[in-house]
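*Asks:*
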Amino acid sequence: YMIDRHIPFSAFDSDKSHGALLRFYSDYSQKVNVNEFESLDHVFEHALDHPEDNIIIDLAAQTSDFLDQWIIDTGITQLEGIQSNLYYWHVMDNGMDSANLLENLLNKYQDQLNYIIVRNELRVKHKIAIQGIAGSYHHEATVQYFGAEKELLECESFRRLGQALEKQEVDCAVMAIENTIAGSILSNYALISRLNLKIVGETYLRIHHHLMALAGSSMQDIKEIHSHPMALLQCESFFETIPHVKLVESVDTALSAKEIQEQGLKDVAAIAPKKSAEIYGLDILNNDIQTNKDNFTRFFILEREDHQNEDFDKVSLRFSLHNYSGSL
């Protein structure tokens with residue numbers, strides 16, 4: 001991988017998503033020192049202060065057009081003049097977006113680029129089961145973990161999600177397991193145990209609740225707000241500013257947005273993820289209306305078989321105890 005495991009190195013994270021980089025280098029004798037990419041001067045100063053380090057730049061995007069513009073805007077190729085060895089980091093799967101990105105960069109910059117490719121086989125999945133529909137938080141978590149859109153099997157319940165994986169209708173499943181506000185979803189732990197599903201990955205998604213309605217709508221038009229009960233509960237402070245609006249519970253955040261679009265509900269808004277607005281063509285009337293801004297949901301990536309991958313650095317255990325005081 002062009003990096004000597006025994007030489008100290010520092011990484012500069014350009015888009016605050018360095019989890020994969022840290023996991024990959026977790027067993028190196030010199031642990032990676034990660035800094036957020038602030039400016040070229042920031043990297044230059046670090047290189048001068050630590051001339052013995054290799055420098056790794058964690059690239060900013062998955063699409064070649066966006067990344068190419070980022071390279072131009074930052075002038076990142078000017079860093080080739082520093083004395084430290086400089087590398088660019090990119091996690092590459094079997095998708096065409098990764099192949100095109102690498103080809104475009106090499107064609108444009110040719111021998112100016114040293115690069116590190118990590119083949120991320122576990123994330124090359126063709127069909128993924130999620131609870132809910134396209135535009136849901138499960139959908140957002142799927143894109144966040146796999147780095148690209150995938151074919152989805154939309155499941156109306158977690159039980160159906162588990163059955164789809166058990167019956168080999170999908171390659172893997174994405175399942176919410178706990179939330180910083182609502183706590184653990186104990187029924188999902190029981191489902192994983194009962195079906196003997198394997199946890200092969202996880203991702204933490206920051207929950208952003210957005211209020212959305214038909215294009216051209218304004219807050220003055222809204223008489224009802226539809227969403228999942230948990231989403232409504234997490235936006236109580238916002239509702240205090242609009243006491244005249246009726247709150248209506250639904251089975252899914254994204255489904256609320258979809259119904260507004262399909263039925264042309266002009267006086268109804270939905271609380272849902274940003275991706276719902278993008279998919280169903282709705283306008284966002286208010287951003288981030290959740291009361292607690294530090295709202296995260298943890299999602300498990302589930303499969304039928306265990307990979308026994310030696311690079312994994314986290315384990316989940318399940319065990320039973322006798323029912324008497326002090327057993328734990």
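First residue of the sequence shown? That's 1 in UniProt numbering, and the numbers climb one at a time after it.
Glycine included, C-beta positions come from ideal geometry on N, C-alpha and C.
Quantities reported herein were computed from a predicted structural model and do not represent experimental measurements.
What span of residues does the beta strand (DSSP E) with asparagine 188 cover, start to end?
*Replies:* Locating residue 188 in the sequence shown gives position 188, where the first residue counts as 1. Premise fails: asparagine 188 lies in the alpha helix (DSSP H), 186-195, not in any beta strand (DSSP E).
*Asks:* For valine 248 and asparagine 188, what's the separation of their Cα atoms in angstroms?
*Replies:* Taking the sequence shown and counting its residues from 1, the one referred to as residue 248 is at position 248. Taking the sequence shown and counting its residues from 1, the one referred to as residue 188 is at position 188. Whole-angstrom Cα-Cα distance: 26 Å.
*Asks:* Can you give the beta carbon distance from residue 373 to glycine 135, rounded, assuming they're within the 8 Å contact cut?
*Replies:* Summary: the structure shown does not reach residue 373, with the chain confined to residues 1 through 328, and so no result is reported for it.
*Asks:* Which full runs of the beta strand (DSSP E) of 3+ residues lie inside the segment 187-272, going along the chain?
*Replies:* Here the runs fully enclosed are 198-206, 210-213, 224-227, 246-249, 268-272.
*Asks:* Nearest to valine 170 by alpha carbon, out of Thr253, Glu154, Gly183?
*Replies:* Within the sequence shown, the letter at position 170 stands for residue 170. Nearest of Thr253, Glu154, Gly183 to valine 170, Cα basis: Glu154.
*Asks:* Roughly how many angstroms lie between the CA atoms of leucine 233 and glycine 216, to the nearest whole one?
*Replies:* Position 233 of the sequence shown, counted from the start, is the residue given in the question as residue 233. Position 216 of the sequence shown, counted from the start, is the residue given in the question as residue 216. So the alpha carbons of these two residues sit roughly 27 Å apart.
*Asks:* Let me check understanding here. Comparing Cα to Cα, which of Asn286, Arg206, Val200, Ala254 lies closest to phenylalanine 239?
*Replies:* In the sequence shown, the residue the question calls residue 239 occupies position 239. For phenylalanine 239, the nearest C-alpha among the options comes from Asn286.
*Asks:* Alpha carbon to alpha carbon, how far is isoleucine 192 from valine 315? Give it in angstroms, no decimals.
*Replies:* Walking along the sequence shown from the start, residue 315 turns up at place 315. Walking along the sequence shown from the start, residue 192 turns up at place 192. One C-alpha to the other measures close to 15 Å.
*Asks:* From histidine 208 to glutamine 220, what does the alpha carbon distance come to, in whole angstroms?
*Replies:* For the purposes of this step, residue 208 is taken as residue 208 along the sequence shown, with counting starting at 1. For the purposes of this step, residue 220 is taken as residue 220 along the sequence shown, with counting starting at 1. Whole-angstrom Cα-Cα distance: 23 Å.
*Asks:* Ends of the alpha helix (DSSP H) at arginine 160?
*Replies:* Position 160 of the sequence shown, counted from the first residue, corresponds to residue 160. Its alpha helix (DSSP H) spans residues 158-166.
*Asks:* What span of residues does the beta strand (DSSP E) with phenylalanine 299 cover, start to end?
*Replies:* Counting from one through the sequence shown, the residue named residue 299 turns up at place 299. Start and end: 296-303.
*Asks:* Would you mind reading off the limits of the beta strand (DSSP E) that contains isoleucine 177?
*Replies:* Within the sequence shown, the letter at position 177 stands for residue 177. Isoleucine 177 -> beta strand (DSSP E) spans 172-179.
*Asks:* How would you label asparagine 292, buried or exposed, when you count the other beta carbons within 10 angstroms and need 16 or more for buried?
*Replies:* As a working note, residue 292 is residue 292 in the sequence shown. By the neighbour-count rule (16 or more Cβ atoms within 10 Å), asparagine 292 is not buried but exposed.
*Asks:* Is it the case that the segment 244-259 contacts the segment 172-187, given that we only count it when at least three CB pairs across the two stretches are under 8 Å?
*Replies:* No, the segment 172-187 is not in contact with the segment 244-259.
*Asks:* Determine the direct distance from the alpha carbon of arginine 318 to that of glycine 141, and round the result to whole angstroms.
*Replies:* Taking the first residue of the sequence shown as 1, we reach residue 141 at position 141. Taking the first residue of the sequence shown as 1, we reach residue 318 at position 318. Looking at the sequence provided, one finds alanine at residue 141 rather than glycine. Cα-Cα distance, rounded: 24 Å.
*Asks:* Using the rule of at least 16 other Cβ atoms within 10 Å of the residue's Cβ for burial, across every protein chain shown, is tyrosine 324 buried or exposed?
*Replies:* One-based indexing of the sequence shown puts residue 324 at position 324. Label assigned to tyrosine 324: exposed.
*Asks:* If I follow the unbroken alpha helix (DSSP H) through glutamine 131, where does it start and stop?
*Replies:* Taking the first residue of the sequence shown as 1, we reach residue 131 at position 131. Unbroken run through glutamine 131 is the beta strand (DSSP E), 127-131; no alpha helix (DSSP H).
*Asks:* Apart from the five residues just before and just after arginine 298, which ones in its own chain have a Cβ nearer than 7 Å to its Cβ?
*Replies:* Taking the first residue of the sequence shown as position 1, residue 298 is located at position 298. Closer than 7 Å at Cβ, skipping near neighbours: Ile177, Glu178, Glu202, Tyr204.
*Asks:* Between the beta-carbon of alanine 173 and the beta-carbon of alanine 231, is there less than 9 Å?
*Replies:* Position 173 of the sequence shown, counted from the first residue, corresponds to residue 173. Position 231 of the sequence shown, counted from the first residue, corresponds to residue 231. Their beta carbons are not under 9 Å apart, which means alanine 173 does not touch alanine 231 by this criterion.
*Asks:* Can isoleucine 271 and cysteine 235 be called in contact, C-beta distance under 9 Å?
*Replies:* The residue you call residue 271 lines up with position 271 of the sequence shown. The residue you call residue 235 lines up with position 235 of the sequence shown. In this structure, cysteine 235 lies closer than 9 Å to isoleucine 271 by Cβ.
*Asks:* Helix, strand or coil: which one does DSSP assign to leucine 40?
*Replies:* Here residue 40 is taken as the residue at index 40 of the sequence shown, counted from 1. Leucine 40: helix per DSSP, three-state reduction.
*Asks:* Would the beta-carbon of isoleucine 242 be found less than 8 Å away from any heavy atom of the ligand ATP?
*Replies:* Ligands displayed in this structure: none; no statement on the ligand ATP is therefore possible.
*Asks:* So which of Gln261, Ile199, Arg194 has the shortest CA-CA distance to residue 344?
*Replies:* Outside the displayed range of the chain (1 to 328) lies residue 344, so it cannot be described from this structure.
*Asks:* Determine the extent of the alpha helix (DSSP H) in which glutamate 140 is found, giving its start and end residues.
*Replies:* What you label residue 140 is simply residue 140 of the sequence shown in a count that begins at 1. Segment 137-146, the alpha helix (DSSP H) holding glutamate 140.
*Asks:* Answer yes or no: do leucine 197 and glutamate 166 have a C-beta to C-beta separation smaller than 9 Å?
*Replies:* Reading the sequence shown from its first residue, position 197 is the one you call residue 197. Reading the sequence shown from its first residue, position 166 is the one you call residue 166. Going by C-beta atoms, leucine 197 is nearer than 9 Å to glutamate 166.
*Asks:* I think isoleucine 55 touches alanine 47, with their Cβ atoms under 8 Å apart; what is that distance to the nearest whole Å?
*Replies:* Within the sequence shown, numbered from 1, the residue matching residue 55 stands at position 55. Within the sequence shown, numbered from 1, the residue matching residue 47 stands at position 47. About 6 Å separates the two Cβ atoms, so the contact holds.
*Asks:* What does glutamate 169 pair with, by DSSP beta-bridge criteria?
*Replies:* Locating residue 169 in the sequence shown gives position 169, counting from the first residue. None; glutamate 169 has no bridge partner.
*Asks:* In three-state terms, what does DSSP make of isoleucine 284?
*Replies:* Position 284 of the sequence shown, counted from the start, is the residue given in the question as residue 284. Here isoleucine 284 sits in strand by DSSP.
*Asks:* Leaving out five residues on either side along the sequence, give the residues of the same chain with a beta carbon under 6 Å from the beta carbon of leucine 195.
*Replies:* Counting from one through the sequence shown, the residue named residue 195 turns up at place 195. So the qualifying residues of the chain are Gly162, Glu166.
*Asks:* What is the DSSP secondary structure of leucine 317, counted as helix, strand or coil?
*Replies:* The residue given as residue 317 occupies position 317 in the sequence shown. The answer is coil: DSSP assigns leucine 317 none of H, G, I, E or B.
*Asks:* May I ask you to list the residues that DSSP assigns as paired with leucine 153?
*Replies:* Residue mapping note: residue 153 aligns to position 153 of the sequence shown, counting from 1. Paired residues: Ala129.
*Asks:* Between the Cα of phenylalanine 296 and the Cα atoms of Ala164, Phe158, Thr180, Glu45, which residue gives the shortest distance?
*Replies:* Indexing the sequence shown from 1 puts residue 296 at position 296. Per the Cα distances, Thr180.
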